[in-house]
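Residue numbers for the sequence shown follow our numbering, so the first one is 202 and each next one is one higher.
Read the structure below first, then the notes.
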Amino acid sequence: MRIAEFHSVTPSIAEAELPCRLELRGRAWGSAVLAVLLLPLALLPLAAMASLTMRITADADVRTLLASHPGSAAQVAIGLALILLLVVWPLAALIGRIGRRQTIVVGPGEVHVTERSLFGTRTWSHQTTYFLGLVHHVRTTHDGIRHELILLAPERRQSVLLAIAPGFTDAELAILAGRLGTKILPANALYERTRKPLQPRFTAAPERTLAVANA
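Right, dumping it as C-alpha cells:
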C-alpha cells in the first residue's frame, strides 16, 4: 500500500489511548476523475489490438504467413502482450485507488491492518517487535508539505502510516515511540535497501520521564 495515497488519518494517535482504531482515507474523487479522463485514451490501443487480432483470425493468408515464420509470430504475440500490460496494469491500479481505505488497530504489542478497495479486502497483523522503528517523514504533495509518522516494516509495503500533521516535535515523536515500545529511525530509513542494521536517531525515553516532560 502506497502511503502517499492517503490524505487523512483519524483520530490523532497522539490523543488516543491504546488500543486505538485509526481510519486512513484518500481522495476518491481525484482517482475517479483521472480514471474517467484516461479511459478513452486507454481504449485506443485496445481497439487497435482487437482490430489486429480479428484480422489475423479472419485472414487465412496472414495466419499462413505467421505459421511459416514462428519468430515473427512470437514477436507479434509479445508486442500485443506488452501493449496490453502497459495499458491495463496502470489503469487497474488507478481504478483500485478509488474508494481505497485502511483501518489500523494499534494495541499493546500488536498492529492489525485491514485494507479495502474496489478489488477486495486484505487483512494482516504483526507484533510491534516486527517493525524496525518509528520514522518522522516529510513529504511534498499537491497541497503542500506534510509531516508523517510511519511505523517502518522490514517489508516496506507493510509499513504503517500512523499520523499526518503540519508538523511533529521531537517530544511528540519520543512519546509515541515510548508508547509503542519501538525506537526512532531517521527519515532515510524509508529508502534504505541494505541489510545493515538501521541506527536509531535517538532512543525513546521511558514513559515516566516523558510524562514529566510532557507536563
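We put the CB at the ideal spot given by N, CA and C, even for glycine.
Can you list, in chain order, the residues of its chain whose CB lies under 7 angstroms from that of residue i, leaving out five sequence neighbours each side?
i      : result
Leu219 : Val307, Gly308, Pro309, Arg380
Thr254 : none
Leu362 : Ile204, Phe207, Val210, Leu225, Glu349, Ile351
Met250 : Leu281, Ile284, Leu285
Val263 : Arg256, Ile257
Quick one: what's got a C-beta closer than 6 angstroms to residue i's C-beta in the same chain, skipping five residues either side?
i      : result
Ser209 : Arg226
Arg222 : Val306
Gln303 : Leu225, Glu316
What does the alpha-carbon distance come out to for the pair residue i and residue j?
i      : j      : result
Thr395 : Ile299 : Model confidence at Thr395 stands at a pLDDT of 45, short of 50, so the residue's coordinates are unreliable; what they give is reported in the following sentence. Roughly 34 angstroms separates the two Cα atoms.
Ala282 : Asn389 : 37 angstroms
Ser360 : Phe332 : 8 angstroms
Thr265 : Gly272 : 13 angstroms
Ser252 : Glu356 : 43 angstroms
Leu267 : Ala261 : 10 angstroms
Ala274 : Arg256 : 14 angstroms
Take residue i and list the residues in its own chain whose beta-carbon comes closer than 8 angstroms to its own, dropping the five residues that flank it on each side.
i      : result
Glu373 : Ala215
Leu391 : Val336, His338, Ile351, Leu353, Arg357, Ser360
Taking 8 angstroms as the cut-off, decide whether the C-beta atoms of residue i and residue j are in contact.
i      : j      : result
Val312 : Ser326 : yes
Gly368 : Thr329 : no
Ala375 : Ile385 : yes
Thr322 : Val314 : no
Assuming residue i and residue j form a contact by the criterion Cβ under 8 angstroms, report the distance between their Cβ atoms to the nearest whole angstrom.
i      : j      : result
Val336 : Leu353 : 5 angstroms
Is residue i close to chain D, meaning its C-beta is less than 8 angstroms from at least one C-beta of that chain?
i      : result
Ala282 : In the displayed structure, chain D is absent; only one protein chain is listed.
State whether the region 240-254 contacts the region 287-294, with contact taken as three or more CB pairs (one from each stretch) at a distance under 8 angstroms.
Three or more pairs of CB atoms, one per stretch, sit closer than 8 angstroms, so the region 240-254 contacts the region 287-294.
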